[in-house]
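Chemist:
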């Protein structure tokens, strides 16, 4: 099979495409014929040794995939050969086949194509867990989404609306904000042209945002935490800006606020029943047309390095997908 391989930590340009043997599955795994793989921010980190997991060399990046089950381990009972599924792999998806633990695999709704499915699990799974289990977002609350045109950001906008929140989308350009508006955002903030903190306060009559969804970190975190509402919750989702911010904890004290970590991958493994319930709700919203995943670019496997670079340089909106067949 063909696979994009990382043989030493470095930039995406050092990845190579080679023919390798198909993986052998364990008793609790399935072998997935990959049709499409989602590209995510962790892919930009894992190939440079900057992610919390460091697979042994050589490895293929790609943390999520969609395709068809081609082999089933004897301890996997909920899947069969031929099933159309989406899978959380951690790494290994930029390949024609990948072995995946059965508990990380979900059937794809009949109306969902492989590219959409490959773009769905990580972004919507993360944002659903963040807003439901971590923020306990309530109808009528104000949700601020930073990086609102990115994969997890757009998912948070759509899920926030489906949960009954008033959604303020923040992004760095008018084009990106237009995408967030189309996804259902009620208010928009262009933080390249105005003070994020001042705009949040203006749009909330000085009260601040009840829930802040932050996959960006850096300077935007610094501003947002100063415009959080009483009893607000600031969700730490990621650090796409490249800087992990530090929190003056007196700000949390003065607002009775909580800064809450979001690690969906660990949640999915530790609380599989809650994660499955989340996805049943997500699939229902998808069937109702409330969730419309945006796949902005599709790359062939040979251009996986370009896909990673475009995402890392924040050129992409919505989700980027690598198509393997």
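Residue numbers (the UniProt record's numbering): 1 to 325. Beta carbons are placed, not taken as given, at the ideal position from N, Cα and C, and that holds for glycine. Remember, predicted model here, so these are calculated numbers, not experimental data.
(1) To the nearest angstrom, how far is it from the Cα of residue 168 to the Cα of residue 189?
(2) Quick test of the definition: if touching needs 3 or more C-beta pairs under 8 Å, does the stretch 244 to 251 touch the stretch 36 to 54?
(3) In angstroms, rounded to a whole number, what distance separates the CA positions of residue 46 and residue 88?
(4) Locate the alpha helix (DSSP H) running through residue 129, then write down its first and last residues.
(5) Mind reading off the beta-carbon distance from residue 268 to residue 13? Whole number of angstroms is fine, and I expect it under 8 Å.
(6) Quick one, which of 7, 19, 255, 74 has its alpha-carbon nearest residue 211's?
(7) Kindly list the residues whose CB is nearer than 6 Å to the CB of residue 326, restricted to its own chain and excluding five residues on each side of it in sequence; keep chain order.
(8) If you measure between the beta carbons of residue 69 and residue 79, is that distance less than 8 Å?
(9) In the DSSP output, which residue or residues are listed as bridge partners for residue 297?
(10) Going by Cα to Cα distance, which pick from 1, 62, 9 is closest to residue 308?
(11) Helix, strand or coil, according to DSSP, for residue 91 in the structure here?
(12) For residue 14, which three-state DSSP category applies?
(13) Three-state secondary structure (DSSP) at residue 29?
(14) Going by DSSP, what residue range makes up the alpha helix (DSSP H) through residue 154?
(15) Three-state secondary structure (DSSP) at residue 315?
(16) Taking a contact to mean a Cβ-Cβ separation below 8 Å, would you say residue 39 touches residue 322 in this structure?
(17) Who are the near neighbours of residue 320 in its chain, counting only those whose CB is closer than 6 Å to its CB and skipping five residues on each side?
(18) Kindly indicate which residue of 21, 111, 26, 83 has the alpha-carbon position closest to the one of residue 75.
(19) For a quick check, are the C-beta atoms of residue 34 and residue 98 less than 8 Å apart?
(20) What's the gap between the Cα of residue 187 and the Cα of residue 204?
(21) Using the beta-carbon count (16 or more within 10 Å), is residue 229 buried or exposed?
(22) Cβ-heavy atom distance between residue 11 and the ligand NAD below 7 Å?
(23) For the beta strand (DSSP E) that contains residue 70, what are its first and last residues?
(24) Is it buried or exposed for residue 130, if we count other Cβ within 10 angstroms and need 16 for buried?
(25) Tell me, please, which residues DSSP counts as bridged to residue 107.
(26) Should the stretch 285 to 294 be called in touch with the stretch 157 to 164, which here means at least 3 C-beta pairs below 8 Å?
(27) Does the stretch 105 to 122 come within contact of the stretch 137 to 147, defined as at least 3 CB pairs closer than 8 Å?
(28) Does the stretch 139 to 155 come within contact of the stretch 218 to 232, defined as at least 3 CB pairs closer than 8 Å?
(29) Do residue 105 and residue 85 have their C-beta atoms closer together than 8 Å?
(30) Specify, as a first and last residue, the run of the beta strand (DSSP E) that residue 167 falls within.
(31) Just the C-alpha distance for residue 173 and residue 24, rounded to the nearest angstrom, thanks.
(32) Going by beta carbon distance, what residues of the same chain come within less than 8 Å of residue 5, once the five residues before and after it are set aside?
(33) With a CB to CB cut of under 8 Å and the five nearest residues on each side skipped, what residues in its chain are close to residue 112?
Modeler: According to the data block:
(1) Annotation: residue 168 to residue 189 spans about 7 Å, alpha carbon to alpha carbon.
(2) no
(3) 15 Å
(4) 121 to 129
(5) Between residue 13 and residue 268 the Cβ distance is about 32 Å, and since that is not below 8 Å, they are no contact.
(6) The candidate whose alpha carbon is nearest that of residue 211 is 255.
(7) Given that the chain is displayed from residue 1 to residue 325, the structure contains no residue 326 and the question cannot be resolved.
(8) yes
(9) 320
(10) 62
(11) Looking at residue 91 - three-state DSSP - the assignment turns out to be coil, as it is neither helix nor strand.
(12) helix
(13) strand
(14) 151 to 162
(15) coil
(16) Yes, they are a contact pair.
(17) 39, 297, 307, 311
(18) Checking every option, the nearest Cα to that of residue 75 belongs to 26.
(19) yes
(20) 10 Å
(21) buried
(22) Within the structure as shown, the ligand NAD is missing, as the structure has no ligands at all.
(23) 64 to 72
(24) buried
(25) 85
(26) yes
(27) Judged by Cβ distances under 8 Å, the stretch 105 to 122 makes no contact with the stretch 137 to 147, as fewer than three pairs qualify.
(28) The stretch 139 to 155 vs the stretch 218 to 232: in contact.
(29) yes
(30) Residue range 166 to 171 is occupied by the beta strand (DSSP E) that includes residue 167.
(31) 46 Å
(32) 15, 16, 17, 18, 20, 58, 59, 60
(33) 120, 286
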